[in-house]
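Enquirer:
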Amino acid sequence: MDFTIVAEGLRYPDGPIVQPDGALLVAETAGGAITRLWPSYSGKYKSETVADLGGGPTGAALGKDSALYVCNNAGSEWIERHGRIIPVGVSSDYAGGRVERVDLSTGKIETLFDHCGDHALRAPKDIVFDREGGFWFADSGRTYARMRDHGGLYYVVDGEISEAVYPLLTPCGVGLSADEKTLYVSDTLPGRLWAYTLAAPGQIASDNEGENPGRLVCTLPGEQPLDSLALDSKGNVCVATGGNGGITVFTANGLHTHRAFPDLHVSNICFGGADMRDAYITLASVGQVIKTRWPESGMRLNFGMY
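The end of the sequence shown is residue 353 by the numbering used here, with every number in the run present.
If you want it as structure tokens, here you go:
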């Protein structure tokens, strides 16, 4: 697909959000910061740091209160070679993951959660708000030299966090269907997309008798790790895909097509524009955000959109 480069020189961008004024918020995972991008009269985008969070901010979403809610994996080690940056392992000062709130009007940063009960969060990755104002987030777990922590799926409402599914291998992207009766979750390492039927906000109804109450939508062949996601207006799930480098579009029954982009570490996608067909995609390892016209309009999020 044809595209234009919106911004470059970023430190592993993720979690793009289109603001009502057309500016973009982007998490720079390797830079530990939230960056705002906006177009100038020259046509190029300018940038400014909104919040210096430290660690490794990844997925983000605007809440009902207009604040920015950020998943933070608390940091990785990074390899830089041939103009690319790649995460490997866990940073030397890693002390557990967290979910943070950023007041965009004041810049105040607040850690909301670093535990669920007695269980420490490991690497929160992606987040989505429902129309009630609660939010789902996936914790991908962490991989160490000879072991790894499990991941899980969590729900937060009225300041209370609950564990919805645990353990999962590497849950990553999360997205709600338009009727909010289905929660989609990408599972990074096995390249799987799961669908969870919701009985009510924050409540999963079991679709099977196994440990995982979700329905397996599809498993991609070969090594195609799945990252964060967004839904389009037809209910298709658009998932950033590594290895194959691009966005894989899944239908609800598991059919899928792939749209390639020039980076093996495509990390995320979001939609904006008057017709919601402007797709902003983060090419993480090369430090770019690109913009392309998508075949379908994106699904509008509950808060912070036009």
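Beta carbons: idealized from backbone N, C-alpha and C, even for Gly.
(1) What three-state label does DSSP hand Ser187 in the structure shown?
(2) Which whole-angstrom value is the C-beta distance of Asp196 and Phe184, which I expect to be below 8 Å?
(3) The beta strand (DSSP E) with Ser209 in it runs from where to where?
(4) Go ahead and label Thr217 buried or exposed: buried means 16 or more other beta carbons lie within 10 angstroms of its beta carbon, across all protein chains shown.
(5) For Val204, which beta-bridge partners are listed by DSSP?
(6) So for Val333, helix, strand or coil by DSSP?
(7) Touch check for the stretch 300-315 and the stretch 244-255: three-plus C-beta pairs under 8 Å?
(8) Short check: CB of Val284 to CB of Leu240, under 8 Å?
(9) Note down the Cα distance separating Leu84 from Gln335, rounded to an integer number of angstroms.
(10) For Arg178, collect the residues of the same chain with a Cβ closer than 6 Å to its Cβ; drop the 5 residues on either side in sequence, then sort them by chain order.
(11) If you run the structure through DSSP and keep just helix, strand and coil, what is Ser275?
(12) Based on the DSSP output, what are the partners of Gln355 in its beta bridges?
(13) Which residues mark the beginning and the end of the beta strand (DSSP E) in which Pro237 is found?
Expert: Taking the structure as given:
(1) The three-state secondary structure of Ser187, taken from DSSP, is coil.
(2) With 8 Å as the limit, Asp196 and Phe184 do not qualify as a contact, their Cβ atoms being about 16 Å apart.
(3) Unbroken beta strand (DSSP E) run through Ser209: Glu207 to Leu215.
(4) Buried, because 16 or more other Cβ atoms sit within 10 Å of the Cβ of Thr217.
(5) DSSP lists Glu207 as partners of Val204.
(6) Judged by DSSP in its simplified three-state form, Val333 adopts coil rather than helix or strand.
(7) Here the stretch 300-315 does not lie against the stretch 244-255, with fewer than 3 beta-carbon pairs under 8 Å apart.
(8) With contacts defined by Cβ atoms closer than 8 Å, Val284 and Leu240 form a contacting pair.
(9) Rounded to the nearest angstrom, the two C-alpha atoms are 12 Å apart.
(10) Result list for Arg178: Asn349, in chain order.
(11) Strand at Ser275.
(12) This structure leaves residue 355 out entirely; the chain is present only between 48 and 353.
(13) Unbroken run through Pro237: none, as it is neither H nor E.
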